[in-house]
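Numbering (the working numbering), first residue to last: 1 to 230.
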Amino acid sequence: MNKISIIIPVFNEVNSIIKLVSHLENKAFQKKTIEIIAVDGGSTDGSQDKIKASSNVKLVQAGKGRAIQMNVGAKVATGNVLYFLHCDSYPPHHFDRIINDAIQQGRQAGCFRMKFDYAHPVLMVSQWFTRFNHISCRGGDQSLFVTKKLFDEIKGFNEQFIIYEDNEIISRLYAKKQFVVIPEYIITSARRYQQNGVWRLQYHFIIIHLKRRLGHSTESMLQYYKKNIR
């Protein structure tokens with residue numbers, strides 16, 4: 001099996017990171033073929049202490065920003081497969097074997113389908129679309145696996161993107177025609193929707209997607225995000 005480096009960007013996630021680490025260890029097919037790297041962007045809530053208390057997690061420090069943090073994690077990773085995972089997303093049972101099977105079939109990058117942990121009509125429609133292998137149906141909450149070779153070839157995450165970094169790198173992976181959507185489900189927290197209001201947050205995400213398609217700058221998208229999303 002390929003060795004999988006799981007890279008988790010962390011910023012003030014004291015209540016989430018250890019829960020996720022436990023999930024990964026319990027759901028892995030072969031724990032000895034995965035490494036877990038938490039890349040902290042300057043947490044002030046005790047997240048770093050929680051991570052240090054776990055002997056199975058490598059803690060790395062980086063500047064704040066998911067693109068920056070994930071690139072730093074990729075540099076220290078020892079696996080030949082990188083798996084980028086948000087702190088509140090939980091991969092399926094034997095996720096490592098499933099990813100390895102996809103790579104053995106010649107796919108160098110991909111993600112899982114997604115379900116939210118909160119039942120709401122808008123979210124149910126949104127998660128239904130994650131089954132389709134089209135760039136417009138992608139998002140970072142679905143996680144991302146990519147071979148280290150391909151990641152290096154496309155030069156990793158674009159650090160100019162403070163938000164939308166997942167969609168930006170996925171668009172470049174689609175251009176390589178290597179992307180697969182695995183028909184297993186990752187479960188993602190709907191906490192941001194609950195905090196901001198489901199309809200309201202979905203509307204703002206649509207506006208950000210439109211801004212990206214219309215060629216707005218990363219600064220424009222970031223300012224819109226800061227103004228409208230908690």
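Positions of the beta carbon are idealized from the N, C-alpha and C atoms, including for glycine. Bear in mind the structure is a predicted one, so any value in this text is a computation, not a measurement.
Task: Contact belief for Ser189 with Ser143 at Cβ below 8 Å, rounded distance in angstroms - done: The pair is not a contact, with the Cβ atoms about 13 Å apart (cut-off 8 Å).
- [ ] Have a look at Met1 and Asn100 and give me their C-alpha separation to the nearest angstrom.
- [x] Our two residues, Met1 and Asn100, have alpha carbons roughly 7 Å apart in a direct line.
Task: Inter-residue Cα distance where the pair is Gln178 and Ile186 - done: Gln178 and Ile186: Cα-Cα distance of roughly 20 Å.
Task: Outcome for Glu219 when other beta-carbon atoms lying within 10 angstroms are tallied against a minimum of 16 - done: Classification for Glu219: exposed.
Task: Length of the line joining the Cα atoms of Val122 and Trp199 - done: Distance between the alpha carbons of Val122 and Trp199 is about 7 Å.
TODO: Could you check which residue in Tyr83, Phe29 and Ile17 has the C-alpha nearest to that of Lys52?
DONE: Comparing Cα-Cα distances from Lys52 to each of Tyr83, Phe29 and Ile17, the minimum goes to Ile17.
TODO: Out of Gln127, Val10 and Phe145, state which residue places its alpha-carbon closest to the alpha-carbon of Cys137.
DONE: Closest by alpha carbon: Gln127.
- [ ] May I ask which residues mark the beginning and end of the beta strand (DSSP E) holding Val14?
- [x] Segment: none, Val14 is in no beta strand (DSSP E) and carries neither H nor E.
Task: contact_flag[the region 102 to 112, the region 67 to 74] where n(CB pairs < 8 Å) is 3 or more - done: No: fewer than three Cβ pairs fall under 8 Å.
Task: Top-ranked residue by Cα proximity to Leu85, from Asp45, Asn56, Arg97 and Val21 - done: With distances taken between Cα atoms, Leu85 lies closest to Val21.
Task: Contact set for Met114: own chain, Cβ-Cβ below 7 Å, skip 5 residues either direction - done: Its chain contains Gln127, Thr130, Asp141, Gln142, Tyr185, Ile186 and Thr188 as the residues whose beta carbon lies nearer than 7 Å to that of Met114, once the 5 sequence neighbours on both sides are disregarded; these appear in chain order.
TODO: Determine the contact status of Val76 and Ile103, defining contact as a CB-CB distance below 9 Å.
DONE: Not closer than 9 Å, so no.
Task: Local conformation of Glu159 per DSSP, three classes - done: Glu159 falls in the coil class under three-state DSSP.
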